[in-house]
Amino acid sequence: MRIAEPQSLRERIAASPDAILVMVVLVIFMDMMIYGLLIPIFPQYAVWFGVDESVVGVIFGLYAAMLLVFSIPMGLLSDRVGRRPLIAGGMLLLALATALFGLSVTVLHLTIARTVQGISAAATWSAGLALIADTCDPARLGEKMGIALSSVGLGTVLGPVAGGLLFEYAGHTATFIIPAVLAGIIGLIVLAIPVCSTRRERPPLLPRGSLLPLAVCAVVTVAVSGTYGVIDPYLPVHLHAAFSAPPAMIGGIFAVLAVATIIAQPIAGRIYDRYGGSRYLISGGLLLAGAAIFTAVQAETLLITGVTIFMLGIGLGSALVPVMPILAEIYRNHGSQGAAYGIYNTFYSMGLSVGPFAGALILGRWALTTIFHLLAAVIVVAGVLCWSAIGRSGWR
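So the number in my numbering is just where the residue sits in the sequence shown, counting from 1, plus 1.
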């Protein structure tokens with residue numbers, strides 16, 4: 002008996018893993034573009050609202066805090082009700098938060114907007130990555146996840162550029178209303194596509210025998226995101242102090258980092274799919290990242306710094322990508338991919354949250370370069386530990 006092929010465009014999209022991947026990539030890209038869009042504008046709120054910069058810094062950090070708190074609950078919820086409601090709802094919340102940024106006239110409004118933005122990210126990331134794992138051939142999951150993660154780098158690069166241009170030529174309110182409308186449209190598109198996903202009433206959070214694999218995934222993810230948590234606030238300070246680098250040059254260095262991850266992640270995913278090698282990708286990537294950080298702060302020219310930052314992006318991207326299919330494999334037989342990527346988001350937000358605070362504590366006692374030396378040492382140790390643990394677990 003022949004099964005009828007889907008006829009409508011919506012059904013064809015829902016039945017195509019590649020179309021689902023494009024949809025999730027668009028969702029993640031939009032989230033990160035709006036996140037990046039705020040970077041050049043957020044410091045201005047301290048002046049507009051007449052508050053200390055530390056207050057604005059705390060509000061900025063609410064994104065990572067909400068991601069930390071809500072990722073696992075959102076992932077578990079997506080296992081129970083399906084991926085589409087969480088992705089669509091998350092994008093509509095993102096549209097609401099983005100519009101509120103443009104209309105904020107008090108610190109309270111700003112706080113609400115940033116909080117809602119973080120909650121929306123927890124929903125879209127957990128459910129979106131889980132949807133890729135649901136629909137993609139496991140033999141190609143590494144490459145697909147690498148592509149999805151590359152959209153993070155692309156959004157991070159384009160967001161500040163778009164924010165600066167919109168702010169200068171369209172004004173403050175339009176800077177946020179335009180992307181809010183786009184986010185809302187994407188949410189409605191997702192809502193209109195009849196995506197089917199496995200549902201489970203009581204998805205397990207910790208499957209039996211998963212403690213060591215989850216511990217390795219946690220170490221890798223926290224190491225990578227913690228590196229970004231340190232690099233984002235403190236590398237610009239180092240570049241300005243060492244080379245008197247202007248903002249445009251600093252932005253260029255961060256663009257180099259983003260481009261390196263965009264290149265590395267799909268390639269690392271394809272290597273993992275075809276040959277395995279998680280031990281080499283993860284441990285080698287972390288060791289490369291540690292060496293690149295140490296070399297970057299010793300560099301005597303901005304060109305050498307740029308080269309080492311590019312290598313840092315290659316190392317971080319190569320180390321992170323294998324974590325995605327490994328998590329999918331742990332939870333696949335339990336029908337709880339939402340829990341898997343809720344846990345991933347929790348690990349990632351932990352690193353983003355801890356990195357800046359750890360850097361601040363170190364900077365209070367020692368020189369700026371000490372932050373980077375200690376970070377390099379921690380990443381190298383993490384790489385060595387992962388080499389040993391992965392060897393014991395027998396991962397491909």
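Note that CB positions come from ideal geometry on N, CA and C, so glycine has one too.
Small disclaimer: the values here were computed from a predicted structure and weren't measured.
Grab me the residues of W396's own chain with a C-beta within less than 6 Å of its C-beta, minus the 5 sequence neighbours each way, in chain order.
S279
In chain order, what residues of the same chain lie with their CB nearer than 6 Å to the CB of L150, ignoring the 5 residues before and after it?
Q266
Per-residue DSSP class, three states only, for G51
Three-state result, G51: coil.
Give a yes or no on whether the C-beta atoms belonging to P41 and G165 are separated by under 8 Å.
yes
Uninterrupted alpha helix (DSSP H) stretches inside the stretch 262 to 323 (no shorter than 4 residues):
Those alpha helix (DSSP H) runs which fall completely within the stretch 262 to 323 and span 4+ residues are 279 to 299 and 303 to 321.
With a 10 Å radius around its C-beta and 16 neighbouring C-beta atoms as the bar for buried, classify L78 as buried or exposed.
buried
When the Cα of V191 is compared with those of I391, I21, D138 and L97, which residue comes out closest?
Closest by alpha carbon: I21.
Using the rule of at least 16 other Cβ atoms within 10 Å of the residue's Cβ for burial, across every protein chain shown, is A140 buried or exposed?
Around the beta-carbon of A140, fewer than 16 other beta-carbon atoms lie within 10 Å, marking it exposed.
Which residues in the same chain as G34 place their Cβ atom closer than 6 Å to its Cβ, once the five residues preceding and following it in sequence are excluded?
The sequence shown places Met at residue 34, rather than the Gly named in the question. Once the five neighbours on either side are set aside, the close Cβ partners of M34 are G156, L159 and G160.
Backbone secondary structure at D138 - three-state DSSP:
coil
The alpha helix (DSSP H) spanning T222 covers which residue range?
L212 to F244
CA-CA distance, I344 and L69?
9 Å
Excluding five sequence neighbours on each side, which residues of the same chain lie with their C-beta closer than 6 Å to the C-beta of A181?
A96, T99 and A100
Which residues in the same chain as I120 place their Cβ atom closer than 7 Å to its Cβ, once the five residues preceding and following it in sequence are excluded?
The beta carbon of I120 sits closer than 7 Å to the beta carbons of M67, F71 and L94 from its chain, once the five residues preceding and following it are set aside; these are given in chain order.
When you compare the stretch 207 to 221 with the stretch 48 to 64, are there three or more beta-carbon pairs, one atom per stretch, that lie closer than 8 Å?
no
Please classify F358 as buried or exposed, where buried requires at least 16 neighbouring CB atoms within 10 angstroms.
exposed
In whole angstroms, what separates the C-alpha of L38 from that of V28?
15 Å
N- and C-terminal bounds of the alpha helix (DSSP H) containing G172
Here G172 belongs to no alpha helix (DSSP H), and DSSP marks it neither H nor E.
Proximal residues to G360 (C-beta, below 6 Å), its chain only, five neighbours per side dropped:
Beyond the five residues adjoining it in sequence on each side, G360 comes within less than 6 Å, by CB distance, of V231, Y235 and I372 in the same chain, given in chain order.
Could you confirm whether any beta carbon from chain D is found closer than 8 Å to the beta carbon of A184?
Here chain D cannot be found, since the structure has a single protein chain.
With respect to 7 Å, is the separation between the Cβ of V59 and the closest non-hydrogen atom of the ligand ATP below this value?
Although the ligand ATP was asked about, the structure shown includes no ligands whatsoever.
Does V153 pass the burial test, meaning 16 or more other C-beta atoms within 10 Å, or should it be called exposed?
buried
Determine whether the beta carbon atoms of I331 and A320 lie at a separation below 8 Å.
no
If you measure between the beta carbons of I133 and V25, is that distance less than 8 Å?
In this structure, V25 lies closer than 8 Å to I133 by Cβ.
Between P86, T176, G277 and I113, which lies nearest to V57 when the distance is taken from Cα to Cα?
For the residues P86, T176, G277 and I113, the minimum Cα distance to V57 belongs to I113.
Where L282 and R115 are concerned, what is the direct C-alpha to C-alpha distance, given to the nearest angstrom?
Looking at the two C-alpha atoms, the distance is approximately 35 Å.
With W367 as the anchor, note down where its alpha helix (DSSP H) starts and where it stops.
No alpha helix (DSSP H) contains W367, which DSSP labels as neither H nor E.
Check whether the Cβ atoms of A297 and T306 lie closer than 8 Å to each other.
yes
Within 10 angstroms of its Cβ, does R366 collect 16 or more other Cβ (buried), or is it exposed?
exposed
Taking C-beta to C-beta, are G185 and L287 nearer than 8 Å?
no
With T83 and S226 assumed to form a contact (beta carbons below 8 Å), what rounded beta-carbon distance in angstroms separates them?
Before going on, a small fix: residue 83 reads as Gly here, not Thr. The pair is not a contact, with the Cβ atoms about 28 Å apart (cut-off 8 Å).
Which residues in the same chain have their Cβ closer than 7 Å to the Cβ of L167, if we skip the five residues on either side of it in sequence?
A175, T176 and I179
Give the single residue among R333, L328, A15 and L362 whose Cα lies nearest to the Cα of N346.
Ranking the options by Cα distance to N346, first place goes to L328.
What span of residues does the alpha helix (DSSP H) with A99 cover, start to end?
Position check: residue 99 holds Thr in this sequence, whereas Ala was assumed. For T99, the enclosing alpha helix (DSSP H) starts and ends at R84 to L104.
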